[in-house]
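The structure appears below as structure tokens.
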Amino acid sequence: MENILKIVSIEKYYGNKSSLTKAINNISLEANKGEFVAIMGASGSGKTTLLNCISTIDKVTSGHIYVAGEDITTLKGNKLNKFRREELGFIFQDFNLLDTLTAYENIALALSIQNVNIHKIDQRIQKVAQELDIMDVLQKYPYQMSGGQKQRVASARALVTNPKLILADEPTGALDSKSAKMLLERFTHLNKNLQATILMVTHDAFTASYASRVIFIKDGKIFSEIHKGDSSRKAFFNQIIGVVTLLGGDLNDAL
Amino acid sequence: MMLFKLSLKNIQKSFKDYAIYFFTLILGVSIFYVFNAIESQTIMMDISASTYEIIKLMTQMLNGVSVFVSLVLGLLVIYASQFLIKRRNKEFGVYLTLGMSKRKISMILFFETLFIGIISLVVGLMIGVGLSQLMSLLVSNMFEANMTKFAFIFSAKAFGKTVLYFSIMYLLVMIFNTFTVNKCRLIDLLYASKKSETVKMKNPILCIVVFIISACVLGRAYYMVTGGIEAMSYSSMMLVVMAMGAFGTFFLFWSLSGLLLKIFMSLKKTYYKGLNSFTLRQASSKINTAVISMTLISLMLFVTICVLSSALSIKNSMNANITELAPVDVELSKNYNVVSDQYHNYTVAQMEDSKVPIKETMDKLDFDMNAYFTDTVDLNLYATNELTLRDSLGNYITDAEAAYPALAYDDAEMIIRLSDYNKLAKLYNLEQLTLNDNQYAIAANFEASVELHNNALATKPSITLLGKSYEPKYEKCKMGFVDIASNRTNIGLFVVPDDAVNDSIRIKNIIVANYNTDTEKGKEEIEDKLVSLDTPETESMTVLNLSTRLLIVEGSTGLGALVTFIGLYLGIIFLISSAALLALKELSESSDNKERFQMIRKLGADEKMINRALFRQIGIFFLFPLLVAIIHSIFGIKFCNYILATFGNDQMLPSIVMTAAFLIVIYGGYFIITYLCSKNIIRE
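First to last, the protein sequences are chains E and C. Per the working numbering, the first sequence starts with residue 264, numbered consecutively. Per the working numbering, the second sequence starts with residue 51, numbered consecutively.
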């Protein structure tokens with residue numbers, strides 16, 4: 264299978280010599296095309312730092328990150344921006360929609376930044392809106408939508424550019440359980456039907472149970488990794504809970 | 051002590067963000083000082099008594115204007131500090147949750163205002179004292195005075211005044227701040243930033259209707275001050291036009307902010323290109339939420355443009371006029387055959403004296419006209435109730451009364467003999483006239499009167515003098531005048547054949563002449579002699595009026611300088627106030643913008659795209675009110691021209707160029723600074 268993401272022993276340090284914080288302490292992992300990977304960990308475990316490094320928002324101290332074979336740790340300036348807009352899609356906890364634009368315009372912006380032709384913009388928005396079931400909110404402003412709708416619009420924005428990798432940071436963090444479930448079902452749908460590669464950071468076991476693989480991080484290191492395989496989502500959920508219990512600490516609070 | 055420290059820290063922290071606020075305050079203080087210090091600068095100059103009188107008048111006017119200026123600046127400072135406070139809601143929320151009392155928060159703000167006040171006053175006054183040294187060069191140039199010596203001038207009076215006025219302003223700010231803090235509720239403070247903006251799209255049909263109505267109202271107002279200006283005879287009409295302009299502008303902004311976006315949205319190719327959709331939305335939401343301030347700013351810019359360009363042109367055209375309108379050195383005039391009436395009681399001796407010609411009076415005063423004067427022309431003016439303005443207009447009178455109801459139609463018109471007029475015309479370099487026995491002509495140069503008489507002459511009205519009737523020879527007025535002056539004031543002079551008038555209706559004797567000398571010094575000596583003769587009315591003598599070219603020059607340079615200074619003062623203050631309002635509004639929303647641009651950056655837009663979007667967004671915000679103001683000004687300046695027609699208006703272009711330069715430097719400067727500051731903020 265095609266390898267989309269390859270992380271080779273990266274490290275990320277904060278602070279100076281006298282007080283050094285190792286946010287990421289030698290992590291290596293791989294993700295193949297069409298995989299749905301969840302990264303779990305407690306607050307301060309380094310999972311958001313990891314995501315930031317992959318998304319080129321932050322820079323690693325050492326190590327390499329390859330996306331579709333390209334080493335993104337060496338990219339600079341406009342190449343970095345080009346990579347970000349063409350290869351990556353972002354979904355954030357607090358949606359990050361522009362409140363002055365309608366849903367349609369928010370999605371269109373991701374394409375117009377890439378200078379996509381207006382006719383293609385419309386076609387692609389209609390298609391992705393159907394996939395995410397947001398046809399009826401396209402002309403609404405963020406303040407007129409529910410949390411779940413907003414997050415699906417944000418997902419549509421991330422997907423519409425056909426990125427190689429979708430990065431989601433706590434996508435269900437600000438949603439009620441019903442909206443969360445609906446969003447995650449959409450994610451599985453996209454993952455299965457469109458072969459979208461998704462990397463999701465979460466501290467919620469329920470959310471993680473929708474993924475095909477869960478990686479646990481503790482104190483900047485990979486603690487363990489479990490695969491869903493052929494087991495049901497419920498069984499996978501129980502498996503995850505098992506690891507969470509083993510991890511102990513504040514992850515329990517998230518249950 | 052804690053509060054004190056907190057305030058200092060806050061100022062340090064916000065200094066970068068609100069640099070433009072400090073900058074404006076400092077500018078305001080220094081300009082205030084500079085203009086109030088003008089008086090003390092003129093002390094060092096070599097100026098005549100009459101110029102000194104004008105400077106005294108100017109000082110009084112500048113004092114009055116300063117009160118108005120401090121009002122404008124005061125409102126600006128209060129407004130600015132109010133929305134700077136609103137931006138700090140979260141910070142105050144944190145203080146309140148920590149258990150700080152509202153009184154203490156007010157204290158923090160009190161110290162902050164105090165620091166800001168002290169810093170801006172000290173720095174502003176230092177800059178002001180520096181600038182006012184440069185200003186003294188301009189002052190001496192304006193009054194065409196020689197600087198006897200260059201000296202460093204410090205005006206304690208202006209200094210004290212600046213400190214007093216600005217202290218009052220800052221005190222008011224403190225009071226307002228206290229009110230604002232007391233009104234705050236904790237929940238609003240903490241969650242203020244969480245509220246996402248609600249975008250209200252206006253009904254496009256309503257927008258179109260409002261737009262059309264406001265365009266019509268503005269169009270009507272434009273017409274009233276230009277094409278339909280004859281009907282503007284009451285000052286209350288002026289108020290109506292001003293109100294129409296203000297409301298028209300407000301609704302124009304209201305409708306355009308919604309409409310323009312709609313238009314751009316329908317241009318899908320442009321709208322969905324790069325960051326255009328984002329930029330346009332940002333700009334329109336800003337204009338949308340600030341319709342009132344946009345209106346205010348636009349009107350202030352409009353006033354600035356009109357005041358600056360008119361004030362600067364008056365000075366230029368007055369100098370140009372004097373050569374043309376005061377072609378001789380001196381004019382003496384004396385009323386002939388005065389009689390007592392309800393306004394003035396003459397003694398018998400005075401009545402006798404009025405029949406003495408000027409020549410004899412001057413002999414009596416021991417002034418040898420033959421020695422001192424050359425090119426002398428001695429002439430008489432006549433007037434009779436047989437020929438009033440009403441009589442002279444013929445059939446046109448009904449139209450005239452409808453168009454200019456305020457004119458004095460029953461005043462007798464001035465009459466001059468053809469031979470006298472031609473002698474004068476030769477000396478003044480005017481066109482000489484020829485008339486048949488039954489013909490008359492009109493000489494005038496006051497624009498509105500020329501127009502009035504031209505309209506009447508088209509109907510060929512005949513006039514009657516001493517029982518004989520005369521027809522107009524020309525269909526238009528001839529450009530001409532008798533009295534030397536700094537501007538065009540001749541409202542109409544009837545030139546008639548010599549035998550058409552006689553001594554029974556003679557009212558004035560006039561002598562115009564040049565001084566019999568070639569040197570400036572000689573002219574001044576004769577002038578001094580004449581001025582010393584200029585005595586007030588006595589029991590036995592009527593007044594001998596004296597007007598000289600030198601006096602006119604002095605008066606007009608003084609007047610020109612006065613108008614220029616007041617124009618500059620008001621113009622600059624209005625300009626910085628409106629630019630600062632825009633800049634502050636833009637910068638105070640930078641925290642929202644920061645998040646939005648951050649998001650765009652995450653979507654992969656590169657810095658170039660982002661900078662361009664920011665530049666355009668701020669550009670639209672700055673340009674929009676300016677554009678409306680410029681359109682207003684085209685008509686406003688035309689109107690000013692009409693009002694100031696007596697000063698002549700040939701010199702409009704250089705002053706418009708000057709005004710444009712002021713606009714570009716000050717307004718453009720604020721724009722660039724705002725752009726650079728917001729670029730810094732969104733980059734953090």
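Positions of the beta carbon are idealized from the N, C-alpha and C atoms, including for glycine.
{"Query": "Using the three-state DSSP reduction, which class does C/TYR422 fall into: helix, strand or coil?", "Result": "helix"}
{"Query": "Of all Cβ atoms in chain E, is any one closer than 8 Å to the Cβ of C/LEU659?", "Result": "The sequence given here places Met at residue 659 of chain C; Leu does not occur at that position. Yes, its Cβ sits closer than 8 Å to a Cβ of chain E."}
{"Query": "Are the CB atoms of C/ILE561 and C/LEU431 within a distance shorter than 8 Å?", "Result": "no"}
{"Query": "Please state if the CB of C/ILE466 and the CB of C/THR74 are separated by a distance shorter than 8 Å.", "Result": "no"}
{"Query": "Out of C/THR539, C/LYS573, C/ASP548, state which residue places its alpha-carbon closest to the alpha-carbon of C/THR424.", "Result": "C/LYS573"}
{"Query": "Would C/GLN332 be called buried (16 or more neighbouring beta carbons within 10 Å of its own) or exposed?", "Result": "buried"}
{"Query": "Please work out which residues of its chain come closer than 8 Å, Cβ to Cβ, to C/ILE687, disregarding the five sequence neighbours upstream and downstream, and give them in chain order.", "Result": "ILE355, CYS356, SER359, SER360, MET702, ILE706"}
{"Query": "How should E/ASP516 be labelled, buried or exposed, when 16 other C-beta atoms within 10 angstroms of its C-beta is the threshold for buried?", "Result": "Here the model assigns E/ASP516 a pLDDT of 48, short of 50, so the residue's position is not dependable, and the following value carries that caveat. E/ASP516 should be labelled exposed."}
{"Query": "Between the alpha carbons of E/SER442 and C/LEU56, how many angstroms are there, rounded?", "Result": "44 Å"}
{"Query": "Determine, using beta carbons only, whether E/LEU462 comes closer than 8 Å to chain C.", "Result": "no"}
{"Query": "So, under 8 Å CB-CB, C/PRO511 and C/TYR446 are touching, yes? Tell me the CB distance rounded to an integer number of Å.", "Result": "7 Å"}
{"Query": "Sort E/VAL300, E/SER375, E/ASP334 by Cα distance to C/THR329 and report the nearest one.", "Result": "E/SER375"}
{"Query": "So with CB distances below 8 Å, who are the chain C contacts of E/LEU364?", "Result": "SER327, PHE328, ARG331"}
{"Query": "Does the beta carbon of C/TYR454 sit closer than 8 Å to a beta carbon anywhere in chain E?", "Result": "no"}
{"Query": "Would you report the Cα separation of C/ALA508 and C/LYS526, rounded to the nearest angstrom?", "Result": "8 Å"}
{"Query": "Mind checking who E/GLU293 pairs with in its DSSP beta bridge?", "Result": "E/LYS269"}
{"Query": "Using only CA atoms, which one of C/VAL406, C/PRO547, C/LEU171, C/LEU222 lies nearest to C/GLY210?", "Result": "C/LEU171"}
{"Query": "Apart from the five residues just before and just after C/ILE70, which ones in its own chain have a Cβ nearer than 8 Å to its Cβ?", "Result": "ALA630, ALA633, LEU634, LEU637, TYR720, ILE723, THR724, CYS727"}
{"Query": "Report the residues of the stretch 644-677 of chain C with a CB closer than 9 Å to any CB of chain E, ordered along the chain.", "Result": "GLU645, ARG646, GLN648, MET649, ILE650, ARG651, LYS652, LEU653, GLY654, ALA655, ASP656, GLU657, LYS658, MET659"}
{"Query": "How about the stretch 347-355 of chain E and the stretch 384-398 of chain E: do they share at least three Cβ pairs that are nearer than 8 Å?", "Result": "no"}
{"Query": "Have a look at the DSSP bridge pairing and note the partners of C/TYR565.", "Result": "C/PHE423"}
{"Query": "I'd like to know whether the C-beta of E/LEU518 is nearer than 8 Å to at least one C-beta of chain C.", "Result": "In this predicted model, E/LEU518 has a pLDDT of only 44, less than 50, meaning its place in the structure is not dependable; the value taken from the coordinates is given anyway. Output row for E/LEU518: interface = no."}
{"Query": "Taking the DSSP output, what are the residues bridged to C/LYS365?", "Result": "For C/LYS365, which the question treats as bridged, DSSP gives no partner whatsoever."}
{"Query": "Out of C/LYS518, C/HIS503, C/GLU577, which one is the CA nearest neighbour of C/TYR524?", "Result": "C/HIS503"}
{"Query": "C/SER335 versus chain B: which residues are under 8 Å apart at the beta carbon?", "Result": "The displayed structure is made up of protein chains E and C, and chain B is not among them."}
{"Query": "Mapping the DSSP letters down to three states, classify C/MET496 as helix, strand or coil.", "Result": "With the sequence shown as reference, residue 496 of chain C is identified as Phe, and Met is not the correct amino acid for it. Residue state, collapsed to three classes: coil."}
{"Query": "Does the beta carbon of E/ASN315 sit closer than 8 Å to a beta carbon anywhere in chain C?", "Result": "no"}
{"Query": "What distance in whole Å lies between the Cβ atoms of C/ILE492 and C/GLY444, which are believed to be in contact at a cut-off of 8 Å?", "Result": "Incorrect: roughly 12 Å between the Cβ atoms, too far for contact."}
{"Query": "Less than 8 Å separating the beta-carbons of C/PHE193 and C/THR607?", "Result": "yes"}
{"Query": "Go ahead and pull the three-state DSSP assignment for E/ALA331.", "Result": "coil"}
{"Query": "With respect to the beta strand (DSSP E) encompassing C/SER597, which residues constitute its N-terminal and C-terminal limits?", "Result": "595-598"}
{"Query": "Label C/SER554 either buried or exposed according to how many other C-beta atoms from any shown protein chain fall within 10 Å of its C-beta, with 16 as the threshold for buried.", "Result": "exposed"}
{"Query": "How should C/CYS266 be labelled, buried or exposed, when 16 other C-beta atoms within 10 angstroms of its C-beta is the threshold for buried?", "Result": "exposed"}
{"Query": "To the nearest angstrom, report how far apart C/HIS394 and C/LEU187 are at their CA atoms.", "Result": "47 Å"}
{"Query": "Are the CB atoms of C/LEU134 and C/TYR220 nearer to each other than 8 Å?", "Result": "no"}
{"Query": "Please report the residue range of the beta strand (DSSP E) in which C/ASN385 lies.", "Result": "380-385"}
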